[in-house]
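The listed protein sequences derive, respectively, from chains X and F. Note that the working numbering has the first sequence beginning at 1, numbered continuously upward. Note that the working numbering has the second sequence beginning at 1001, numbered continuously upward. Data block below; observations after.
Protein chains: 2
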Amino acid sequence: MNALFESLAFNEAGLIPAIAQQHDTGEVLMLAWMNRASIEETLATGQVCYFSRSRSKLWRKGETSGQVQKLVELRIDCDGDSLLLLVEQTGVACHTGRRSCFFRALRDGEVVTIADPETTPEALYGKNLTTDS
Amino acid sequence: MNALFESLAFNEAGLIPAIAQQHDTGEVLMLAWMNRASIEETLATGQVCYFSRSRSKLWRKGETSGQVQKLVELRIDCDGDSLLLLVEQTGVACHTGRRSCFFRALRDGEVVTIADPETTPEALYGKNLTTDS
Chain X
1 MNALFESLAF NEAGLIPAIA QQHDTGEVLM LAWMNRASIE ETLATGQVCY
51 FSRSRSKLWR KGETSGQVQK LVELRIDCDG DSLLLLVEQT GVACHTGRRS
101 CFFRALRDGE VVTIADPETT PEALYGKNLT TDS
Chain F
1001 MNALFESLAF NEAGLIPAIA QQHDTGEVLM LAWMNRASIE ETLATGQVCY
1051 FSRSRSKLWR KGETSGQVQK LVELRIDCDG DSLLLLVEQT GVACHTGRRS
1101 CFFRALRDGE VVTIADPETT PEALYGKNLT TDS
């Protein structure tokens, strides 16, 4: 564990960006942020925990929605300032009900939606709608 | 173009994180940062240009090393605060000579190197060694 943190460069807010990628298909699911505590929790539980910048607290991915991410492997980039999380995503990663948060593309100068929701925010969150999933 | 920038949320430094992914294999190559000017240049030229935070200037990926990234598609996440660049990577993405910058993994509590260099920094940069590639 110490070997990991010695390799990491957190930003001035104590955070590091983390890319979540479905381990077997290669699909990039989302980008979120982690702090030291969220990394420690992720490694201890095997379930990915981020740090929510909007709520300033640990964000246990899927805690409300059930759409959890099981950590398969944590990777570190050359500068130690970005993480790549290989995960097994249950259901959908995006709070909009889509598999990936990257469901919009620039095509012919227009921003177009390229993926449909697989479920609804209401089904994911009931009446407790939140932008964190 | 305006439609794109209306969809984006830059951070307080005017930057947005961008994940580069090889478009056909799904390999995540690197994470870097873009500002508005670097996005405009990328879209105008079709070659990925980042913003180097360490050098505080545009970073035309591969300008020195020849290891350019051709933009295949730009995608935007649900919150508009992260980009996913699908690219055609020439050669290697990492300044260490490895295909991907994410060549270290945490395994059994140790940080281990999981990919070998395909070329050398000297071959990439000659005597003008730099951490930007």
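A virtual CB, placed ideally from N, CA and C, is assigned to each residue, including glycine.
Chain F contact for residue i (CB, 9 Å cutoff)
i	result
F102 of chain X	yes
C49 of chain X	no
M34 of chain X	no
A105 of chain X	yes
R75 of chain X	yes
G62 of chain X	no
E40 of chain X	no
Alpha carbon of residue i to alpha carbon of residue j, nearest angstrom
i	j	result
L1004 of chain F	D108 of chain X	11 Å
S1082 of chain F	M1030 of chain F	13 Å
R98 of chain X	P121 of chain X	10 Å
N2 of chain X	E1006 of chain F	42 Å
A1105 of chain F	Y50 of chain X	18 Å
S56 of chain X	E1118 of chain F	41 Å
A32 of chain X	E1027 of chain F	18 Å
I1076 of chain F	A1018 of chain F	9 Å
Q1069 of chain F	Q1021 of chain F	10 Å
Short CB-CB distance (under 9 Å) between residue i and chain X
i	result
M1030 of chain F	yes
A1044 of chain F	no
S1007 of chain F	yes
T1120 of chain F	no
Per-residue contacts from residue i into chain F (C-beta, under 7 Å)
i	result
P17 of chain X	P1017, L1031
Nearest residue (CA-CA) to residue i, options the options
i	options	result
L86 of chain X	X:V72, X:T64, X:G126	X:V72
C101 of chain X	F:F1010, F:T1090, F:L1084	F:L1084
L58 of chain X	X:M34, X:A123, X:L124, X:L106	X:M34
G14 of chain X	X:R55, X:A37, X:Q22	X:A37
7 Å Cβ cut-off: residues of chain X touching residue i
i	result
S1082 of chain F	L31
Neighbouring residues, chain F, relative to residue i (Cβ below 8 Å)
i	result
H95 of chain X	C1078
Cross-chain neighbours of residue i in chain X, by beta carbon under 9 Å
i	result
E1110 of chain F	A3, L4
G1066 of chain F	Those do not exist, as G1066 of chain F stays about 18 Å from chain X at its closest Cβ, beyond 9 Å.
Three-state secondary structure assigned by DSSP to residue i
i	result
I76 of chain X	strand
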